[in-house]
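For reference, the structure is listed below as structure tokens.
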Amino acid sequence: MSDWTPSQHELERRQLRRRLQLRSSLIATAMTIVVFVVAGLVITGSPGWVNVKHYFFSWDDAREALPDIWDALWLNIKMFLIAEFFILIFAMLFAMARVSRTPWLMPLRIVAVVYTDVVRGIPTILLVYLLAFGMPALRLQGLPNSPFFWATVALIISYSAYVAEVFRSGIESVHPSQWASAEALGLSRGQTLRHVVIPQAVRRVIPPLLNDFVSLQKDTALASAAGVFEAVFVARDYGNYNFNYTPLVVVACFFILMTVPLARLCDWLTARMRRRELAGAL
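In structure tokens, the structure reads:
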């Protein structure tokens with residue numbers, strides 16, 4: 000059997016497609032450069048650019064504040080990692096309670112519904128204020144008074160409600176035939192949920208989960224409202240004493256460097272799942 004070779008017409012079509020792709024890439028690159036150059040000229044040519052440059056883009060102030068910001072940034076990362084771990088656990092428990100059909104678990108279902116509805120309606124920064132200042136004021140024995148602890152708890156409470164709904168949507172997206180097949184094999188509803196449904200649901204909700212964790216990573220800055228000496232608090236403190244807000248721009252750059260890789264990973268996973276679904280549909 001001889002190897003297939005493309006015809007002359009096919010080779011010409013491929014060459015045409017390459018030329019069109021190259022042309023599109025060149026046009027897109029040129030337009031991008033023009034837009035950014037024009038935007039830069041408009042900003043730097045504005046009457047107040049000199050003051051903005053001095054107060055927000057001072058290299059000397061950035062270099063002076065960088066060591067303190069770098070040290071404080073690890074507190075944001077620590078808060079993010081701790082919160083993420085507990086959010087995944089609590090959110091999955093709430094999601095399982097929401098989809099449970101056992102009459103004995105009706106109180107848990109009611110609690111899960113009320114929790115997700117109420118917590119999602121409260122701005123996260125209000126939870127930080129309420130817990131970081133309210134809980135120590137109660138003077139309960141055995142509970143820590145650390146603002147870091149209560150700010151982290153506030154993030155866990157807030158995001159557990161959102162992530163629980165993400166997990167629930169993933170569980171409910173699994174086709175009913177999966178439940179029926181598992182029951183036909185003699186699995187109980189709990190076993191079906193644990194061994195059949197949840198593994199499929201988790202794979203489906205990974206992209207929206209990553210989106211939530213991108214937001215969580217940024218919202219660790221809300222801890223500054225409770226007096227936690229994280230990166231934003233340090234930058235704001237520097238600005239209050241030196242009347243220069245360049246450190247806030249430095250912190251913003253650090254957050255961008257942390258969130259962009261997660262965002263790109265989310266895009267890659269979404270595209271990968273779309274390709275698999277299209278391949279399965281063919």
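In terms of numbering that gives the first Met the number 0, the sequence shown opens at residue 0 and continues consecutively. All C-beta atoms, glycine included, are put in the ideal place defined by N, C-alpha and C.
For residue i and residue j, what's the separation of their Cα atoms in angstroms?
i	j	result
Leu221	Leu21	45 Å
Val152	Phe253	24 Å
Ile205	Leu268	8 Å
Pro260	Lys77	18 Å
Val98	Trp149	30 Å
Ala29	Pro46	28 Å
Leu19	Arg12	10 Å
Leu209	Ala262	7 Å
Ile156	Ala225	16 Å
Arg203	Gly169	6 Å
Ala160	Val37	44 Å
Pro118	Asn50	Note that residue 118 is Val in the sequence shown, not Pro. C-alpha separation (whole angstroms): 42 Å.
Arg17	Arg271	24 Å
Ala127	Pro135	As written in the sequence, residue 127 is Val, which differs from the Ala given in the question. Approximately 12 Å, taken between the alpha carbons.
Asp266	Ile32	24 Å
Asn239	Ser223	14 Å
Val41	Ile26	22 Å
Counting along the chain, where does the alpha helix (DSSP H) carrying residue i start and finish?
i	result
Asn243	Unbroken run through Asn243: none, as it is neither H nor E.
Val201	197-203
Arg188	188-191
Pro102	Segment: none, Pro102 is in no alpha helix (DSSP H) and carries neither H nor E.
Glu182	175-183
Below 7 Å CB to CB, which residues in the same chain sit around residue i once its five sequence neighbours on both sides are set aside?
i	result
Leu215	Phe79, Ala82, Glu83, Leu154, Tyr158
Met105	none
Does the Cβ-Cβ distance between residue i and residue j come in under 8 Å?
i	j	result
Tyr244	Phe85	no
Pro146	Ala131	yes
Pro64	Ala251	Correcting the residue type first, residue 64 is Ala in the shown sequence and not Pro. No.
Thr115	Phe93	yes
Ala179	Val195	no
Pro198	Ala61	no
Asn75	Thr219	yes
Asp211	Val248	no
Leu192	Met95	yes
Ala111	Phe166	no
Arg188	Arg108	no
Can you find the residues in the same chain that come closer than 8 Å, C-beta to C-beta, to residue i, ignoring five residues on each side of it along the sequence?
i	result
Leu72	Glu229, Ala230, Val250, Phe253
Glu164	Ala94, Thr115, Arg119
Enumerate in chain order the residues of its own chain whose CB-to-CB distance from residue i is below 6 Å, with the five nearest sequence positions on each side excluded.
i	result
Tyr237	Ala64, Pro246
Whole alpha helix (DSSP H) elements within the region 15-96, 4-residue minimum: Taken in chain order, the complete alpha helix (DSSP H) segments of 4 or more residues contained in the region 15-96 are 48-55.
Segments of 4+ residues assigned as alpha helix (DSSP H) that fall wholly inside the region 104-173: Whole alpha helix (DSSP H) segments, 4+ residues: 105-119, 123-137, 146-172.
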